[in-house]
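2 protein chains.
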Amino acid sequence: MSYATYFQENREQHLAELKEWLSIPSISALSEHKPDMLRAAEWLAATLTRAGLENVKVNETAGHPIVTADHLHAPGKPTVLVYGHYDVQPVDPLNLWETPPFEPTIRGDKLFARGATDDKGQVFLHIKAVEAILKQEGSLPVNIKFCIEGEEEISSANLPGFLEANSEALAADAVLISDTSLLERGKPAISTGLRGLCSLEIAINTANTDLHSGSFGGGVPNALHAMVELLATLHDRDGKVLVDGFYDDVLPLSEEMRAEFVKQDFNEQQLQSDLGLEALHGEEGYSFVERVGARPTLELNGVYGGFQGEGTKTVIPKEAHAKITCRLVADQNPQDVLDKIITHLEAVKPNGAKLTITPGEKARAFNIDPSGELLQKAADAYAAVYGTRALFTKDGGSIPIVEEFSRVIAPTVVLMGFGLPDENLHAPNEHFNLENFDKGMLTIVEFLNQV
Amino acid sequence: MSYATYFQENREQHLAELKEWLSIPSISALSEHKPDMLRAAEWLAATLTRAGLENVKVNETAGHPIVTADHLHAPGKPTVLVYGHYDVQPVDPLNLWETPPFEPTIRGDKLFARGATDDKGQVFLHIKAVEAILKQEGSLPVNIKFCIEGEEEISSANLPGFLEANSEALAADAVLISDTSLLERGKPAISTGLRGLCSLEIAINTANTDLHSGSFGGGVPNALHAMVELLATLHDRDGKVLVDGFYDDVLPLSEEMRAEFVKQDFNEQQLQSDLGLEALHGEEGYSFVERVGARPTLELNGVYGGFQGEGTKTVIPKEAHAKITCRLVADQNPQDVLDKIITHLEAVKPNGAKLTITPGEKARAFNIDPSGELLQKAADAYAAVYGTRALFTKDGGSIPIVEEFSRVIAPTVVLMGFGLPDENLHAPNEHFNLENFDKGMLTIVEFLNQV
């Protein structure tokens, strides 16, 4: 039977399986979910085995396990390594979820759950595509390997070491990853660039105790005033980053790159209205897709200090905190950017404030030339299923490990995404559009058959 | 027997009673403590009755009850109305308390509990002083009234109406309040000024959902960036408030006032070291006591938005919040100051930010001439017990109702405080020094006998 018929006949069973996986709260950032991480990895291993993969292993690491498997029975054919992740983002604010994040629910044509699109849902497509070919044909047209980790949302601390230690076992001609998005419904895209990332936390301490704002207000430092004063030096009113040297290794946008961005025909009005925004916002002289695809950014992800409860508390807080991540592009070196930010913060440190800076994650940006053979074949596979050839884009997100894969495993990394940009990844009510669940499996089968 | 002996003999019993009161978590700001508020009021009423007061009533209000009592058997003598409050501040951060806030504990010569010094402990002194005179003499040298409220920490919403509705029943020649502090150990003070207060909350909303910082970072407004940008416009680096017209109704410091402040011989070095501060901080050209006693201030009491958990979350928050209180002096009108702040905030509103401002509490500053007879007698009473006459000071805190009392009940308001400035009021590990517990009761007895 045709693959379309096969997937249709097995659709209910496939969705039931995926829901089972999504119901495991595999939040890698929160230590209390360590047992759930193991359960999610073991679920994955069992499902790979049932699909017909071989050498399925749950590999322990210093953090969360990495699941590997392979099927190497196509001599003379290329080897494709599928990468993805089974860990998910935290879920707060929990009260904004319409249905609980770990009780997967289909509403309309969408599957709602934390991890539905980022990235369990997309990893699942590859397993079921391989299973389908094996069931229909008895063999695979390529050699295939899986390497699925549990620390992508916390910067893949243990994967680089694992790749280097197992570079022979994981050797491949290309790496295939589904952790990105279509441009919009019916408009597929292959990302040829991902932003890098670095993160840091700032703590400001003033007095050794919270103080009464009547007895002390106006005469002692207030940790929140100091934090606000410090953070306000980081951007101008347009969001341009004011840290000295921040843009040093950013390439100016060439006319060719600008032309490629224009091709996306991105509807800024629609985005603004979808997000309920009064206005889009960002560096002057750039469109939205340019700002997100080709410009670095420094975002405050969390700021807090003092009283947050109901009513008023006339307190001068003794401490304040900020969490920051930067998205990096082109040749920006994460360590160099962190050093520059730290130098900046120490130079503008407010009077009476004790400053503690804790650097966090680091990842370089990734870029690939779209004219390579496999990227062209991937675009063709989309064309066969979606009726529209995939565009080559630059994506604003970071998959910190992609640059590592391109260096250690294979220069060719195919970012074949099946999400949509409005699927609330990292936010309440994350979901996955089932249209791309269906077409995603067909596109992967098509691609593997063309490689 | 002497009053000193009487209080010594009853000390254990008195402390046991006070601990009982302090163990009731009468946090007026938190609605879940409404039953505790009633328990605390009823405990007070029972204790006033046992002390020999008459007409003891727990008066219902639209908020928390007001407890009144009197003893009017000294014809031809003045009437003194004692005001105080039985409500307390919230207790977070709870983990910083060495012993739980509502399990009163004596360590060394200090009684630790929320409300120990602000204000249950100080109200208690008046009850026990009156009880002592009645037990020792059988009658009181003055007519006395009590009016103890449960909403001081939330701006006394219902007391002004109560005073106005009951102005005859509460009529008095002077109002006596113990809710302030000695300057330092052994250095008593009578406050002749209190700062006023106004408060507001700011909410900033941007998108209708939290957004992924990879897919959107650099291209959409970030509620935290907007909040930081907004709040940073409120002060210069010294803490001077930059709101247009904020200082319009503030009197410049006269040479006489400056001389009075100098008399306090305040040790700024000591304060800095006690609070573990790198530096004191405030408007240029003013000493600490001038900044706190005679200058207004605008304090951030709480700021929050985005991710506050363990680890990293690459989110662009859709909302951010700030809680602000101002301390006001001289003729500053709280509503006028609020209006000016709101005008300022709306004028500097960042691009793409929806701004919601919720005004809160309002109270005028209070000032009294120290040369009046009763204030002089109060200073003498301290001299008799402490061996040092009380200094007349300006206090940085606000007791929003004092100005109301001086207008509705009696122009003479005697602020006879027995706290110490480092007793952590409004902070973890609030406590009351028992030296002033003992001397406080004696001073009140001395004062009532001299009136």
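Quick note, the sequences are listed as chains A and B, same order.
Following full-length UniProt numbering, the numbering of the first sequence begins with 1 at its first residue and continues without gaps.
Following full-length UniProt numbering, the numbering of the second sequence begins with 1 at its first residue and continues without gaps.
Here a beta-carbon is modelled for each residue, glycine too, at the ideal position from N, C-alpha and C.
Everything numeric in this text was worked out from a predicted model, so none of it was measured.
Rounded straight-line distance, which links the Cα of Glu290(B) to that of Arg195(B): The alpha-carbon atoms of Arg195(B) and Glu290(B) are separated by roughly 12 Å.
Interfacial residues, the segment 66-84 of chain B to chain A, with Cβ spacing under 9 Å: Here the close residues number zero.
Residues from the segment 95-109 of chain A in contact with chain B, defined by Cβ distance under 9 Å: Listed by position, the residues of the segment 95-109 of chain A near chain B (Cβ gap below 9 Å) are Leu96.
Interface residues of chain A facing Arg212(B) [CB-CB closer than 8 Å]: Here residue 212(B) is His; the residue named in the question, Arg, does not match the sequence. Within 8 Å Cβ-Cβ: Gly397, Leu425, His426 and Ala427.
Given Ala232(B) as reference, the closest of Asn429(B), Glu299(B) and Lys57(B) once Cα atoms are compared: Nearest neighbour of Ala232(B) by Cα position, chosen from Asn429(B), Glu299(B) and Lys57(B), turns out to be Glu299(B).
Short CB-CB distance (under 7 Å) between His225(B) and chain A: By this cut-off, His225(B) is an interface position.
Contact set for Ser167(B): own chain, Cβ-Cβ below 8 Å, skip 5 residues either direction: Within the same chain, Ser167(B) has close Cβ partners Val408 and Ile409.
Within 7 Å, strictly: CB atoms of Ser31(B) and Tyr86(B): No, the pair does not count as a contact, with Cβ atoms beyond the cut-off.
Per-residue DSSP class, three states only, for residue 466(B): This structure does not reach residue 466(B), given that chain B is present from 1 up to 451, and the question cannot be answered.
For Ser191(B), the residue or residues it bridges with in DSSP: Answer by DSSP bridge pairing, in chain order: Thr393(B) and Leu415(B).
Chain-ordered chain A contacts of His281(B) [CB-CB under 7 Å]: Residues of chain A passing the Cβ test: Val220, Pro221, Asn351 and Gly352.
Contained beta strand (DSSP E) runs [length at least 3] in the segment 224-250 of chain B, N- to C-terminal order: If only complete runs of 3 or more residues are kept, the segment 224-250 of chain B shows no beta strand (DSSP E) anywhere.
Chain A contact residues for Gln308(B), given Cβ-Cβ distances below 7 Å: Those are Gly302 and Tyr304, listed as they occur along chain A.
Any C-beta of chain B under 7 Å from that of Glu430(A): Under the Cβ distance rule, Glu430(A) does not count among the residues neighbouring chain B, no pair being separated by less than 7 Å.
Where the alpha helix (DSSP H) through Thr47(B) begins and ends: Judged by DSSP secondary structure, Thr47(B) falls within the alpha helix (DSSP H) whose first and last residues are Lys34 to Ala51.
Short CB-CB distance (under 7 Å) between Glu151(B) and chain A: No, no contact with chain A.
Other residues of its chain near Glu149(A): CB distance less than 7 Å, five sequence neighbours each side excluded: Counting only Cβ-Cβ distances below 7 Å, and skipping sequence neighbours, we find Ile66, His85, Ser156 and Leu159.
Residue of Asp36(A), Val413(A) and Glu361(A) minimising C-alpha distance to Pro370(A): Comparing Cα-Cα distances from Pro370(A) to each of Asp36(A), Val413(A) and Glu361(A), the minimum goes to Val413(A).
Minimum length 4: unbroken alpha helix (DSSP H) runs contained in the segment 322-401 of chain B: Entirely contained in the segment 322-401 of chain B, the alpha helix (DSSP H) runs reaching 4 residues are, in chain order, 334-348 and 373-386.
Any C-beta of chain A under 7 Å from that of Ser406(B): Taking Cβ atoms only, chain A never reaches closer than 7 Å to Ser406(B), which makes this a no.
Below-7 Å beta-carbon distance, Phe288(B) vs any chain A residue: Closer than 7 Å to the CB of Phe288(B) there is at least one CB belonging to chain A.
Nearest-angstrom Cβ-Cβ length linking Ile401(A) and Glu152(A), presumed shorter than 8 Å: Between Glu152(A) and Ile401(A) the Cβ distance is about 7 Å, and since that is below 8 Å, they are a contact.
Lys77(B) vs Asn143(B) beta-carbon contact at 7 Å: Cβ distance < 7 Å, so Lys77(B) and Asn143(B) count as in contact.
Anticipated Cβ contact below 8 Å, Lys323(A) with Asn351(A), distance rounded: So it is not a contact: roughly 24 Å between Cβ atoms.
Local Cβ density within 10 Å of Ser254(A), reported as buried at 16 or more and exposed below that: The residue in question, Ser254(A), is exposed, as its Cβ has fewer than 16 Cβ neighbours within 10 Å.
Identified DSSP bridge partners for Phe432(B): Answer by DSSP bridge pairing, in chain order: Leu111(B).
Identity of the residue in Leu163(A), Ala174(A) and Ala74(A) nearest Leu81(A) by Cα: Per the Cα distances, Ala174(A).
Environment of Glu9(B) [buried if 16+ CB atoms lie within 10 Å]: Label assigned to Glu9(B): exposed.
Backbone secondary structure at Thr443(B) - three-state DSSP: Under the three-state reduction of DSSP output, Thr443(B) falls in the helix class.
Classification of Asp244(A) by the beta-carbon crowding that lies within 10 angstroms, buried from 16 upward: Per the 10 Å Cβ criterion, exposed.
Sub-7 Å separation of Val303(A) and Leu230(B) beta-carbons: Leu230(B) sits away from Val303(A), with the two beta carbons spaced by 7 Å or more.
Backbone CA spacing between Leu328(A) and Ser178(A) [nearest angstrom]: A direct Cα-to-Cα measurement between Leu328(A) and Ser178(A) gives close to 21 Å.
As assigned by DSSP and simplified to three states, the class of Lys95(B): It should be noted that the sequence gives Asn, not Lys, for residue 95(B). Collapsing the DSSP output to three states places Asn95(B) in a helix.
Residues of the segment 310-343 of chain B with Cβ closer than 8 Å to any Cβ of chain A, in chain order: Within the segment 310-343 of chain B, the residues whose Cβ lies closer than 8 Å to some Cβ of chain A are Glu310, Gly311, Thr312, Lys313, Thr314, Val315, Ile316, Pro317, Ala320, His321, Lys323, Thr325 and Arg327, listed in chain order.
Chain-ordered chain A contacts of Asp179(B) [CB-CB under 8 Å]: None at all; the shortest Cβ gap to chain A is about 11 Å.
Check whether Thr312(B) and Gly193(A) have beta carbons under 7 Å apart: Contact flag unset, no.
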